[in-house]
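Chemist: Protein chains in written order, with full-length UniProt numbering: chain A, 1 to 161; chain B, 1 to 161.
Protein chains: 2
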Amino acid sequence: MRLTTKGRYAVTAMLDLALHSDQGPVSLSDISNRQGISLSYLEQLFSKLRKSVLVTSVRGPGGGYRLSRLKEDIFVAQIVDAVNESVDATGCSGRSDCQGGTTCLTHYLWCDLSDQIHDFLNQISLAQLVAREDVRQVAERQSIESQQTCVDDKINAAIIG
Amino acid sequence: MRLTTKGRYAVTAMLDLALHSDQGPVSLSDISNRQGISLSYLEQLFSKLRKSVLVTSVRGPGGGYRLSRLKEDIFVAQIVDAVNESVDATGCSGRSDCQGGTTCLTHYLWCDLSDQIHDFLNQISLAQLVAREDVRQVAERQSIESQQTCVDDKINAAIIG
DNA sequence: ATTTACCCGACTATTTTAGTAGGTTATTCC
DNA sequence: GGAATAACCTACTAAAATAGTCGGGTAAAT
Ligand code: FES
Ligand code: FES
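1. Can you pull out the residues from the segment 74 to 100 of chain A whose beta carbon lies closer than 9 Å to at least one beta carbon of chain B?
2. Listing by chain order, which chain A residues have their CB less than 8 Å from the CB of Q116/B?
3. Are the Cβ atoms of H26/B and R66/B separated by less than 9 Å?
4. Apply the 10 Å Cβ neighbour rule to G101/A and answer buried if 16 or more other Cβ atoms are within range, or exposed otherwise.
5. Should G7/B be labelled buried (16 or more other beta-carbon atoms within 10 Å of its own) or exposed?
6. At least one CB of chain A closer than 9 Å to the CB of A139/B: is that the case?
7. 9 Å is my cut-off, CB to CB: does Y41/A come that close to chain B?
8. In whole angstroms, what separates the C-alpha of Y108/B from that of D88/B?
9. So, does the CB of L3/B fall closer than 9 Å to a CB anywhere in chain A?
10. Under 8 Å Cβ-Cβ, which residues of chain B neighbour G64/A?
11. What is the rounded straight-line gap between the Cα of R95/B and the Cα of E140/B?
12. Output the boundary residues of the alpha helix (DSSP H) element that contains G101/B.
13. Using the three-state DSSP reduction, which class does V58/B fall into: helix, strand or coil?
14. Determine the closest residue to I31/B out of L42/B, V83/B and G24/B, with distance taken between C-alpha atoms.
15. Quick check: C104/A and Q44/B, are their CB atoms within less than 9 Å of each other?
16. At a CB-CB cut-off below 9 Å, which residues of chain A make contact with L45/B?
17. Could you please give the first and the last residue of the uninterrupted beta strand (DSSP E) stretch that includes R66/A?
18. Using only the heavy atoms of ligand 2, determine whether one of them is closer than 8 Å to the beta carbon of R34/A.
19. In whole angstroms, what separates the C-alpha of S55/B from that of S47/B?
20. Could you name the residues of the same chain whose beta carbon sits closer than 7 Å to that of Q142/A, not counting the 5 residues immediately before and after it, in chain order?
21. Helix, strand or coil for E50/B per DSSP?
22. Is the Cβ of V135/A closer than 9 Å to any Cβ of chain B?
23. In the structure shown, what three-state DSSP assignment does V76/A receive?
24. Would you identify the three-state DSSP class for Y9/B, choosing helix, strand or coil?
25. Pop quiz: V83/A and L121/A are said to be a contact at Cβ under 8 Å. What is the actual Cβ separation, rounded to whole angstroms?
26. When you check each C-beta in the segment 20 to 32 of chain A against every C-beta of chain B, which residues fall closer than 8 Å?
27. So is G60/B in contact with chain A if we call contact Cβ pairs under 9 Å?
28. Cβ-heavy atom distance between H118/A and ligand 1 below 8 Å?
29. Measuring only between beta-carbons, confirm whether Q147/B sits less than 9 Å from chain A.
30. Closest by CA to G64/B, which one among E145/B, E72/B, F75/B and R50/B?
31. How about L129/B: is its C-beta nearer than 9 Å to some C-beta of chain A?
32. Taking A77/A as the reference, which of I37/B, R69/B, A77/B and L113/B has the closest Cα?
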């Protein structure tokens, strides 16, 4: 089982998308600014999210990404699965063969754990996350900060130009 | 969060120890033979398990390792914690600072997940695992195989000698 | 004294992660 | 039409973690 920044970034980016989904397509550079994730890295992640049909893209100016279905119908487990290979805790990917072709002593334990994690993450939708008070607070702070950054950029542009 | 062969090996080895705990100290080479884990690697893992006081060692011929307390009082989470740094799903180790010193959007989600995993693994004792039918079956098969290996070794020794 | 088996530190190949670089294609606004 | 925008794509890379190996110790039993 692996849950690293790859999966965490993907969920964070999707949540950002859900938070701003009412304002039309969201560009990756917006997400990059708000969430502090490298733009190139986001592109890689969204390539996978698009292949798993969790998002749809709109090209050209004013374009970006959109959730491909309702916030209520996208679950955290699906996002992690899309970028990580899976939330699988076994060493055999369910094949029961990690000890030279045969089942190891702890195979069933890791199967149970995998189910546990999957059930948990599969019952949390983006809509639920958006509704959480703690999430809203962080989102509001980021909104203020990114506006500030936007103003800073304009000042810098004015100085340079 | 990371759960790789390191943690899985540790739990497997401890379970092997629990299964043979009535026969006096169990040597690492026995565990290595039965579970197909490299001896040198087992030594590294048991060094950590010993520092976490999950096992006690007996040196010299006939020596090996013993569980430092009852099977009922050793839980999977403790074993994984001893060799892995922890079953922590956050990127900030609970410090709430993974986005340049501030809390990221998904911090609370990963905290919840960590709790979920920890609660699950912390309620499973070695005694419970030993009692499971699926575990007993694998253990029995390994017991037969390792006896066969033992006979093979004697035959090889006889041929060489 | 010798064997057994734990103990310890350093070293290494492989894999994964996290990120960079540099370009191409589609769309919109002027 | 042309410039700007932003998705799309491939390949490369530095750093870290994993999964070991190797070589020598030290304590205890026969
Ligand atoms: S984890 Fe499935 S056989 Fe070992
Ligand atoms: S995971 Fe804790 S702040 Fe991001």
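Ideal Cβ placement from N, Cα and C applies to all residues, glycine included.
Here the structure is a predicted model, which means the values were calculated and not measured.
Modeler: A quick look at the data gives this:
1. V76, A89, T90, G91, C98, Q99 and G100
2. Q116, I117 and F120
3. Sequence check: residue 26/B is Val here, not His. Cβ atoms of V26/B and R66/B: closer than 9 Å.
4. exposed
5. buried
6. yes
7. no
8. 12 Å
9. yes
10. Correct list: empty, because the minimum Cβ distance to chain B is about 18 Å.
11. 45 Å
12. Per DSSP, G101/B belongs to no alpha helix (DSSP H) and is neither H nor E.
13. strand
14. L42/B
15. no
16. None at all; the shortest Cβ gap to chain A is about 14 Å.
17. G64 to L67
18. no
19. One detail in the question is off: residue 55/B reads as Val in this sequence, not Ser. Going from the Cα of V55/B to the Cα of S47/B covers about 9 Å.
20. R34
21. Checking the sequence, you will find Arg at residue 50/B rather than Glu. R50/B: helix per DSSP, three-state reduction.
22. yes
23. helix
24. helix
25. That pair is no contact at about 13 Å.
26. none
27. no
28. no
29. no
30. R50/B
31. yes
32. L113/B
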